[in-house]
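Student: Using the UniProt record's numbering, the first residue of the sequence shown is number 1, and each one after it goes up by one.
Think of the CB as a built atom: it goes at the ideal place given N, C-alpha and C, for glycine as much as any other residue.
Pasting a structure here, questions to come.
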Amino acid sequence: MGSRGTHLLSLALVFLGIVELVLYARLVGWPSRTRTYTYKGDDHPNALDVDLNNRVALFMQNTVHYQMRGAQAQEEWDALSPGKGIVHLGPQKRPFMVSVFHQLRCLDVLRHGIVRADAHTFNVTTNDGEWETRHCLNYLRQMIMCRANTRLEKAIGLYLEHNTLNEQDYVCEDWRPLYAAVAQNELEYKGSH
């Protein structure tokens, strides 16, 4: 290919890159810290404005915390979501639930469902908790699929396709700034009401 052909190919690639960026911006939107929102209808940000750029090492392992039953278990599960995961934004303090706290709440809903089923107090004739449980199963499934974590986990045990060893290091987003921002938002909201 001559220099003219190389030049045209380079221009075509640059053009395709610009088109891709424009399409990305239209589909996802550019993150903007300067845009103002009315918080009416759909005029609100898609995510809470928190800097989660720091990464932390996390060793995934089974724990004695977050058990199924007991007062301590309930306290630990409740403490996972400051302000029940709700933030109040905009001039009218419109409530929004942060997705990670929605996910944690759904895990707790499933935990309660398992405990009730085990105690035979889950009333299937009245659909007691069935809608919420079904919602949470679908919501968590969708969030897991959305993130499509490709981390390889060692298959162990008798049933290789089902048992995995998850005790390993992960690099995760540092969630401490998120917890601090939600707790601060809750204090400000309570102070204004």
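#1: Based on DSSP bridge pairs, tell me the residues matched to His193.
#2: Would you list the one or two residues that DSSP bridges to Arg55?
#3: Give a yes or no on contact between the stretch 109-122 and the stretch 83-90, applying the rule of three or more CB pairs nearer than 8 Å.
#4: Just how far apart, CA to CA, sit Arg147 and Met60?
#5: State the CB to CB distance for the pair Leu52 and Asp174, rounded to an integer number of angstroms; the pair is presumed to be in contact (CB under 8 Å).
#6: Using 10 angstroms around the beta-carbon of Val171, count the other beta-carbons present and answer buried if the total reaches 16, otherwise exposed.
#7: With distances taken from CA atoms, which of Leu140, His65, Asn185, Ala155 is nearest Lys84?
#8: Can you check the stretch 40-100 for any beta strand (DSSP E) of at least 3 residues that lies completely inside it and give the ranges in chain order?
#9: Per DSSP, residue 229 forms a beta bridge with which residues?
#10: Suppose you measure from the CA of Lys190 to the CA of Asp49; what does that come to, to the nearest Å?
#11: Counting C-beta neighbours from all protein chains within 10 Å, is the total for Leu95 16 or more, i.e. buried, or is it exposed?
#12: With a threshold of 6 Å on Cβ separation, who are the neighbours of Tyr66 within its own chain once the five nearest residues in sequence on each side are excluded?
#13: Would you kindly check if the distance between the Cβ of Leu110 and the Cβ of Ser81 is under 9 Å?
Tutor: Once the coordinates are examined:
#1: Its beta-bridge partners do not exist; DSSP assigns none.
#2: Glu173
#3: no
#4: 18 Å
#5: 7 Å
#6: exposed
#7: Asn185
#8: 55-60, 86-89, 94-97
#9: Examination of residue 229 is not possible in this model, given that the chain is present from 1 through 193 alone.
#10: 20 Å
#11: The residue you asked about is not Leu; residue 95 is Pro in the sequence shown. Burial call: exposed.
#12: Glu76
#13: no
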